[in-house]
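Numbering (UniProt numbering), first residue to last: 1 to 301. For glycine and all other residues, C-beta sits at the position ideal for the given N, C-alpha and C. For reference, the structure discussed in these notes is given below.
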Ligand SMILES: [Zn+2]
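Set out below in structure tokens:
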């Protein structure tokens, strides 16, 4: 029964497999690919040009076929689908083993796949939240007459329904933010970071705003912020010459437990971090620290 639903999944998986293992076709047959476990019962002869898939030889009947994993599977498991003849030389014992392998691979894939878990919702336990939603709609109603435009007046007519809808939307939004913390392993202290709150406030004024992605954060935006900070530190640097400056240094570990040594220039105008170097894998002896401090002195001038 499980066989009926598989062909579309394994057909795409077959082409992925054929694409990735093109270089080391036979060498990697030892490792069972759960997406296409039956490849190891045929011999890949040659990758097909254009159409995708392989020219392959069945280990049992020694006949040559070509195509994707779907056809390998159909041939070996005698499914008679995918436009390929079934294998007449597969022994009952081998057939049972291959069927089992295919089934187990499929189960492993399904267990490994991320599950969609709905966000928490209080709609089932309406009690306390519905009273608060009434409270809020009443609040909106009392505020509304001060607003002059008709759009706002219309809003209050359908007020309680809309507010109830908004509450549920707000709850979903809260749930999404909370899940970002839990799944990303973020520190709850981030919630105390003023930029956390401000970013959402700003985002809410820009309909359709999408936050920066992985690459923007680690390249352009980082460079921009660094330049900006350096620009703002320039006035402090200028006072060094007149007021004098002291260098301090300390060692510590960052969140990823990398051993870091920092150098801080401090003067009347305030402390300023010059740099932190990652000395992972280096022997932290007197010579290395002396070099670091000498370099920093040259930098300060
Ligand atoms: Zn065969």
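List in chain order the residues whose CB is within less than 5 angstroms of at least one heavy atom of ligand 1.
-> Look at which beta carbons fall closer than 5 angstroms to any heavy atom of ligand 1; those residues are 58, 60, 61 and 87.
Cα-Cα separation, residue 299 to residue 109 = Pairing residue 299 with residue 109, the inter-Cα distance amounts to about 56 angstroms.
Can you list, in chain order, the residues of its chain whose CB lies under 6 angstroms from that of residue 258, leaving out five sequence neighbours each side?
-> 278 and 280
Can you name, in chain order, every residue of its own chain whose Cβ lies under 8 angstroms from the Cβ of residue 24, other than the five neighbours on each side?
-> Note that residue 24 scores a pLDDT of 38, beneath 50, so its modelled location is shaky and nothing firm can be said.
Answer yes or no: do residue 69 and residue 39 have a C-beta to C-beta separation smaller than 8 angstroms?
-> yes
Extent of the continuous beta strand (DSSP E) to which residue 264 belongs | 259-267
For residue 95, the nearest candidate out of 269, 181, 59 and 220 (CA to CA) | Measuring from the Cα of residue 95, the nearest candidate turns out to be 59.
Opening and closing residue of the beta strand (DSSP E) in which residue 278 lies | 270-278
CB residue 81 to CB residue 61, shorter than 8 angstroms?
-> no
Using DSSP with H/G/I as helix, E/B as strand and the rest coil, what is residue 173?
-> helix
So what does DSSP say about residue 69, is it helix, strand or coil?
-> helix
Given 8 angstroms, three or more beta-carbon pairs between the stretch 234-241 and the stretch 201-221 | no
Roughly how many angstroms separate the alpha carbons of residue 187 and residue 289, rounded to a whole number?
-> Each residue's Cα considered, the two are about 33 angstroms apart.
Measure the Cβ-Cβ separation of residue 85 and residue 75 and say whether it is below 8 angstroms.
-> yes
Selected residue, minimal CA-CA separation from residue 117, among 71, 183 and 99 | 183
Enumerate, from N- to C-terminal direction, the unbroken alpha helix (DSSP H) stretches of 4 or more residues contained entirely within the stretch 174-246.
-> 194-204, 214-218 and 220-243
To the nearest angstrom, how far is it from the Cα of residue 121 to the Cα of residue 233?
-> 47 angstroms
So the alpha helix (DSSP H) residue 300 belongs to, where does it begin and stop?
-> 286-300
Give the single residue among 73, 115 and 211 whose Cα lies nearest to the Cα of residue 100.
-> 73
Assuming residue 98 and residue 77 make a contact with CB atoms under 8 angstroms, what is their CB distance in whole Å?
-> 6 angstroms
So is residue 71 buried or exposed if we call it buried at 16+ other beta carbons inside 10 Å?
-> buried
Inter-residue CB distance, residue 56 and residue 47 (contact presumed, cutoff 8 angstroms) = With a Cβ gap of about 10 angstroms, residue 56 and residue 47 do not count as contacting.
Let me know the secondary structure DSSP gives residue 168 once reduced to three states.
-> helix
Top-ranked residue by Cα proximity to residue 243, from 32, 111, 105 and 265 = In terms of Cα proximity to residue 243, the closest of 32, 111, 105 and 265 is 265.
Taking residue 44 as part of the beta strand (DSSP E), name the residues at either end of that continuous run.
-> 42-47
Which first and last residues belong to the alpha helix (DSSP H) in which residue 106 is found?
-> 92-112
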